[in-house]
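Numbered according to the numbering used here, the sequence shown terminates at residue 153, and the numbering increases by one at each position without gaps.
Here's the structure we're looking at; comments come further down.
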Amino acid sequence: MLYGTITEFCSPVTCPRMLAGDQYEYLWQDPNNPKYKRATKVSAPEYIENLMTWVQTYFNNEKYFPSKTGVPFSKDAPAVFKTILKRLFRVYAHIYCHHFEHITELKMHQHLNTSLKHFVLFCNEFQLVDAAEFAPLQELIDIMLASDGK
Ligand SMILES: [Zn+2]
Numbered sequence: 004m005l006y007g008t009i010t011e012f013c014s015p016v017t018c019p020r021m022l023a024g025d026q027y028e029y030l031w032q033d034p035n036n037p038k039y040k041r042a043t044k045v046s047a048p049e050y051i052e053n054l055m056t057w058v059q060t061y062f063n064n065e066k067y068f069p070s071k072t073g074v075p076f077s078k079d080a081p082a083v084f085k086t087i088l089k090r091l092f093r094v095y096a097h098i099y100c101h102h103f104e105h106i107t108e109l110k111m112h113q114h115l116n117t118s119l120k121h122f123v124l125f126c127n128e129f130q131l132v133d134a135a136e137f138a139p140l141q142e143l144i145d146i147m148l149a150s151d152g153k
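Okay, structure coming up:
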């Protein structure tokens, strides 16, 4: 939803690579999609669109998100959830590193900050994402968590 507010500023022309600053580039890979069997360089909007479509396939899959109580999760569900969160973080990283001015112009920065903080606290609480994955936004995350007294 937050990314949706800045899609007009994030195109294959403005963001031909899925970057977070100049140190981190994310390649798209999906073993179930012949086009992306290998890790592939893609534009930021292509990465994010692929990601959202890919996540949606899991949301719609009863093995991973059972709609009835008492139905067991698939054995590989924890690994899938971790990959989903790891990849979703990259959208935050791209937005912060490349579109923060757009976010502030739209006065969305507080929503973005709150959303990131919840995301990081949730991931940390349940050890879902390796700390190293947060590196592109480490400084910001340290400040956010420190201001909490944690
Ligand atoms: Zn972009």
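All residues carry an ideal CB built from backbone N, CA and C; glycine is no exception.
Based on Cα-Cα distance, which residue from the options lies nearest to residue i?
| i | options | result |
| --- | --- | --- |
| E28 | V45, H114, R41, K85 | V45 |
| A23 | L124, Y50, K78, Y67 | Y50 |
| N35 | R20, P19, T56, A134 | T56 |
| F12 | A80, L109, A135 | L109 |
| C18 | Q141, L143, V94 | V94 |
| P139 | P81, D25, F68 | D25 |
| I87 | H114, D33, R41, T43 | D33 |
| Y6 | R41, T107, N64 | T107 |
| K85 | Y67, A149, D145, I146 | Y67 |
At a cut-off of 7 Å, is residue i close to ligand 1 when judged by its beta-carbon and the heavy atoms of the ligand?
| i | result |
| --- | --- |
| T17 | yes |
| H114 | no |
| H97 | yes |
| A23 | no |
| A138 | no |
| N101 | It should be pointed out that residue 101 corresponds to His in this sequence rather than to Asn. H101 Cβ: within cutoff of ligand 1. |
| C126 | no |
| A47 | yes |
Would you mind giving the Cβ-Cβ distance between residue i and residue j, rounded to the nearest angstrom? I have them listed as a contact below 8 Å.
| i | j | result |
| --- | --- | --- |
| T10 | M111 | Contact doesn't hold; Cβ gap of about 13 Å is too wide. |
- Three or more C-beta pairs closer than 8 Å, one from the stretch 91 to 102 and one from the stretch 110 to 126: is that the case here? yes
- Message: Between the stretch 47 to 61 and the stretch 125 to 135, can you find at least three pairs of beta-carbon atoms closer than 8 Å?
- Response: no
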